[in-house]
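Numbering (UniProt numbering), first residue to last: 1 to 498.
The beta carbon of each residue, even a glycine, is placed where N, CA and C say it ideally should be.
Owing to the predicted nature of the structure, the values given are computational and were not obtained by experimental measurement.
Structure first, then comments.
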């Protein structure tokens with residue numbers, strides 16, 4: 001509406017005396033569809049389309065870059081109504097105080113001047129960037145790029161629709177379930193899903209040729225009629241494609257479900273109600289006025305499953321996940337740590353529903369002293385500010401984990417921030433037996449092994465300790481088997497070689 005209406009029906013705007021937006025900034029992670037959206041707008045509006053990549057603007061000759069920008073905008077005005085698209089605009093319009101060369105400052109000044117000359121001309125400029133904060137602030141004021149569209153990582157429903165659109169024209173088997181495939185691709189953007197389609201087609205072609213006679217010159221329609229891209233081809237493809245989101249700070253959600261988390265039944269129920277259900281059924285919580293996302297602090301002894309619970313919540317809810325180790329955000333340069341905190345929440349907002357998981361929160365958010373001057377205190381203040389952004393935090397959920405809740409700044413634990421404080425205890429005997437049963441699913445056991453006996457013998461063990469017990473027992477069994485095999489081999493060789 002911002003772009004298409006004034007391009008298709010400028011007479012309506014002229015009649016009403018309304019001036020359309022001059023510039024619209026599209027920002028989001030790589031592969032989220034910014035360039036594709038610009039092309040789709042141009043195709044829908046059927047107006048002259050002037051496309052300019054950042055690499056085309058930069059020139060070694062003094063004044064040549066500015067002349068290129070001027071000529072492009074003049075051509076767009078002469079062809080109005082028209083659309084101008086500047087891709088990777090952050091590369092040519094960085095903050096001028098950070099510009100490495102005078103040429104960059106001149107290009108920024110020329111683009112600002114050209115935007116100011118477009119008023120009322122029905123030329124709309126689209127800019128695309130992965131880093132909106134790197135742009136010169138003057139570019140984002142009213143009358144220039146005063147409208148912004150955040151293009152985040154698609155949620156599960158959107159991924160299903162994207163897969164359906166991308167699969168048009170492909171011959172698919174009846175077992176292909178796009179809803180299930182969407183669940184298997186958290187963190188995938190449009191470009192990643194397109195890569196999945198191509199990989200699935202390649203897997204299908206390899207499989208198809210293994211079923212056909214390679215010596216035949218051509219194949220009949222009867223021979224080809226049963227061949228199609230199957231669900232298994234998509235599953236193999238998903239394993240091969242690394243989502244772009246992982247490179248943008250997002251975490252590929254591990255395949256961990258509630259079934260793989262032993263014990264902790266009460267905590268699972270609490271987390272399902274606080275985070276999973278609001279993400280899966282937002283309309284119900286909206287009707288009840290429960291729009292403010294919960295913040296959860298998981299605390300307890302090491303190895304009790306705090307991180308595992310957070311990963312399972314992300315998997316069960318279908319949300320995007322940003323996993324942060326507390327020390328990762330700390331930087332020795334002034335202002336960089338606070339900037340890193342802001343960027344984490346910004347990435348989460350444009351990719352909602354999203355869960356931010358802060359591990360080792362005590363290292364990132366320690367108690368502040370009375371002086372309030374240290375770098376860590378500035379980080380705490382920034383984190384509190386982001387947590388208070390209630391309206392902007394819609395569908396952004398925060399889970400934090402710590403072994404030392406007593407070290408965390410008390411302001412972080414008040415209502416509206418991390419208001420659900422859940423203790424993750426050492427497992428009791430029933431919890432230990434449940435954990436052992438889940439850990440032992442893939443391990444062959446002798447008939448004399450009883451898990452309840454092991455559970456009785458491991459009082460005070462955490463889930464991580466029990467996993468170590470299983471691993472050590474497996475290694476001991478492997479060592480014993482290897483020794484027995486060697487003895488049997490020597491016994492057979494002795495008589496033969498004597």
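For residue 37, the enclosing alpha helix (DSSP H) begins and ends at 34-45. For residue 1, the closest C-alpha among the options 41, 29, 36 is that of 41.
Under the criterion of beta carbons closer than 8 Å, residue 69 and residue 121 do not qualify as touching, at roughly 16 Å. For residue 82, the uninterrupted beta strand (DSSP E) segment begins and ends at 82-87. With a 10 Å radius around the Cβ and a threshold of 16 neighbouring Cβ atoms, residue 461 comes out buried.
In this structure residue 258 is in contact with residue 312, their Cβ atoms being roughly 6 Å apart against a cut-off of 8 Å. Its chain contains 359, 360 as the residues whose beta carbon lies nearer than 7 Å to that of residue 325, once the 5 sequence neighbours on both sides are disregarded; these appear in chain order.
Residue environment: residue 456 is assigned as exposed (fewer than 16 neighbouring CB atoms within 10 Å of its CB, all protein chains considered). Within the segment 174-207, the runs of alpha helix (DSSP H) that reach at least 4 residues and sit entirely inside it are, in chain order, 178-183. Within the same chain, 212 come within 8 Å of residue 219 by CB-CB distance, once the 5 residues on both sides are set aside. No residue range can be given for residue 241, since it is assigned to no beta strand (DSSP E) and is classified by DSSP as neither H nor E. The alpha-carbon separation between residue 118 and residue 14 amounts to approximately 15 Å. Sequence-distant partners of residue 470 (beyond 5 residues in either direction) whose C-beta falls short of 6 Å from its own C-beta, in its chain, are 439. Around the beta carbon of residue 76, a 10 Å sphere encloses 16 or more other beta carbons of the protein chains shown; the residue is thus reported as buried.
Looking at the DSSP output, residue 148 sits in a beta bridge with 25. Restricting attention to 322, 335, 409, the CA atom closest to the CA of residue 363 is found in 409.
Annotation for residue 181: 163, 234 place their beta carbon closer than 7 Å to its own, counting only its chain and skipping 5 residues before and after.
For the pair residue 23 and residue 146, the CB atoms are nearer than the 9 Å cut-off.
Looking at 126, 352, 208, 447, the one whose alpha-carbon comes closest to that of residue 282 is 352.
In this model, residue 481 and residue 454 are separated by some 22 Å (Cα to Cα). For residue 315, the enclosing alpha helix (DSSP H) starts and ends at 306-317. In the DSSP assignment, residue 456 falls outside any beta strand (DSSP E) and within the unbroken alpha helix (DSSP H) covering 451-457.
Going by beta carbons, residue 355 and residue 421 fall outside the 9 Å limit. The alpha-carbon of residue 413 is positioned some 10 Å away from that of residue 384.
Collapsing the DSSP output to three states places residue 255 in coil.
By the Cβ rule, the segment 43-53 does not count as touching the segment 149-158, because fewer than three pairs are nearer than 8 Å. In the structure shown, the three-state DSSP call for residue 272 is helix. Inter-residue distance for residue 143 and residue 335 is about 30 Å (C-alpha atoms, whole angstroms). In the DSSP assignment, residue 218 falls outside any beta strand (DSSP E) and carries neither an H nor an E. DSSP places residue 470 within a helical segment (H, G or I) once states are collapsed to three. A contact between stretches requires three or more CB pairs, one per stretch, nearer than 8 Å, and the segment 199-215 fails this requirement with the segment 256-276.
The residue from 224, 160, 208 with its alpha-carbon nearest to that of residue 196 is 160.
Per DSSP, the unbroken alpha helix (DSSP H) holding residue 157 starts and ends at 156-166.
For the pair residue 190 and residue 346, the CB atoms are not nearer than the 9 Å cut-off. Under the three-state reduction of DSSP, residue 415 is assigned to coil, being neither helix nor strand. Among the bridge pairs identified by DSSP, residue 320 is matched with 354.
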